[in-house]
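Using this note's numbering, you'd call the opening residue of the sequence shown number 55 and step up by one each time. Since the structure comes first, as structure tokens, the remarks are kept for the end.
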Amino acid sequence: MPILSPKNLVCLSLVSLGLTVSGACDTITLKDGREIKGDIIKNDSNGVLIEYFVTATIKDQKTFSSDEITKIVTLTEDEKAFLALGSRATPPTVLDTSFYDPLIYKKIPDFFKQYPYSRHMSELRIDMRSLTSERERVNAGDRRIDGVWITAAQVAADPYQMGARIEFHKLKQQASMDDPVITLKTYELLEKNYPGSAVLPDAIEIARPQLDSLQAKVAAIQGDFDTVAKKRQETISSLLADQAKEMQNSLENEAAQAKADIASATKDGSKFFPIFRNVKESLDALQALIQTERVRLKLFSVSDMRESLSDTADAARLIASSNLKDAQAQLDAAAKLWPANADIATLKQKIEDAAKQEAAKTTTTSK
């Protein structure tokens, strides 16, 4: 496949999204009214050679004679480079500086050096200040979750729930990447470190289908394992001695790596390990782990957990209005549904503190 120019990459992205590519690519307007958008490779007496997208994924090159063309619009080099920068809009969730770093330290400075005359210079300078400011926020401990900035002070005020929210959004991002092992490891650590967090019910509902996804991958490999192993052995038998030895060593190294990964998986508090397609013992161990975890996660009643969280939310409102008796009743109900709910202990302490303040006021008044 030929390497795409930055401009053609932009065109492909727009076409793939079903968006108009007007102004994003070179354009040839033909006498029959058609517009061909893409990357003009050559324009001479023989005509115009343009590379364009027939579909969202298929390119073609074609030469149009000058007699066929009524208008040619060519994108400038700085416009191509500007479009190739991609979006500078802050993502809804920012947990580290990885979004900012390439823009601040590479892409935008390179554009400044190469195209100081560009009409986009002013816009990019504004973007650069904004991106740098936001990066400093993240570096100082602020985080952005679902479009809302959470300050380092807010994180420090409730490190347990805020820490859980941050890990939960990592989990959501990973769940979309089709790597159930990584997603399940993140879930395990979230459950281990934040077992009473408000995000845990949602995290469980993400983890359950990830187990199904991993099960499907493992089952598919196991189903073909004997056939693949037989063909592999036949291949080894047909190779020269040194080649056969090299392939055998590779299989032995994979088996050793699988054993090491299984052993190290528990060190960070998780149990899951990568899929090793050629190691039967590893596949069997992963299959057993999936079954055990599926049974374990079924023991969680997500509906009870959510109802418990609703009760603690009601208790918090009652405490704020000084209705401590009803607040305590709500906490008791929450504890019956989900004893691990971390908000219960926090709000119980608030009730105790409020009761002490009320008692102190009463004593002062009686004197």
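Glycine included, every Cβ here is placed at the ideal spot set by N, Cα and C. Nothing here was measured: the structure is a model prediction, and the numbers come from that model.
Taking C-beta separations shorter than 8 Å and ignoring five residues to either side along the sequence, the partners of ILE260 in its chain run LEU225, LYS226, ALA229, THR237 and TYR241, following chain order. In the three-state reduction of the DSSP assignment, LEU84 falls in the strand class.
Contact annotation: VAL209 and PHE326 have beta-carbon atoms that are not nearer than 8 Å. Around the beta-carbon of GLN264, 16 or more other beta-carbon atoms lie within 10 Å, marking it buried. By the beta-carbon neighbour count (other beta carbons within 10 angstroms, threshold 16), GLU177 is exposed.
Per DSSP, VAL127 is not a residue of any alpha helix (DSSP H); the beta strand (DSSP E) it occupies stretches across 123-127. Beta-bridge analysis with DSSP links THR117 to LEU103. Looking at LYS404, ALA394, GLU361 and PRO393, the one whose alpha-carbon comes closest to that of ALA381 is LYS404. Here the alpha carbon of MET182 sits roughly 20 Å from the alpha carbon of GLY195. With contacts defined as CB atoms closer than 8 Å, SER336 and ALA314 fail to qualify as a contacting pair.
Following the DSSP letters along the chain, one finds VAL235 inside the alpha helix (DSSP H) bounded by residues 234-247.
With a contact defined as Cβ atoms closer than 8 Å, ASP80 and ASP98 miss out at about 15 Å. Taking 8 Å as the cut-off, the Cβ atoms of ILE180 and ARG197 do not count as close.
With a threshold of 16 other beta carbon atoms within 10 Å, GLY201 falls short and is exposed. Judged by DSSP in its simplified three-state form, ARG360 adopts helix. Within the same chain, Cβ atoms closer than 6 Å to the Cβ of ALA369 are found at ALA381, GLN384, LEU385 and LEU401, the five residues on either side in sequence being excluded. Counting C-beta atoms within 10 angstroms of its own C-beta, ASN307 has fewer than 16 neighbours from the protein chains shown and is therefore classed as exposed. Under the 10 Å beta carbon count, SER251 is surrounded by 16 or more other beta carbons and is classified as buried. LYS239 is classed as buried because its beta carbon has at least 16 other beta carbons within 10 Å across all chains shown. Annotated as distal: LYS85 and THR147, with beta-carbon spacing of 8 Å or more. Our two residues, LYS285 and ALA298, have alpha carbons roughly 13 Å apart in a direct line. Per DSSP, the beta-bridge partners of GLU89 are THR83. According to the DSSP assignment, ARG286 belongs to the alpha helix (DSSP H) that extends over 254-292. Counting the other CB atoms within 10 Å of its CB gives GLU188 a total of 16 or more, which places it among the buried residues. Following the DSSP letters along the chain, one finds ARG198 inside the beta strand (DSSP E) bounded by residues 197-199.
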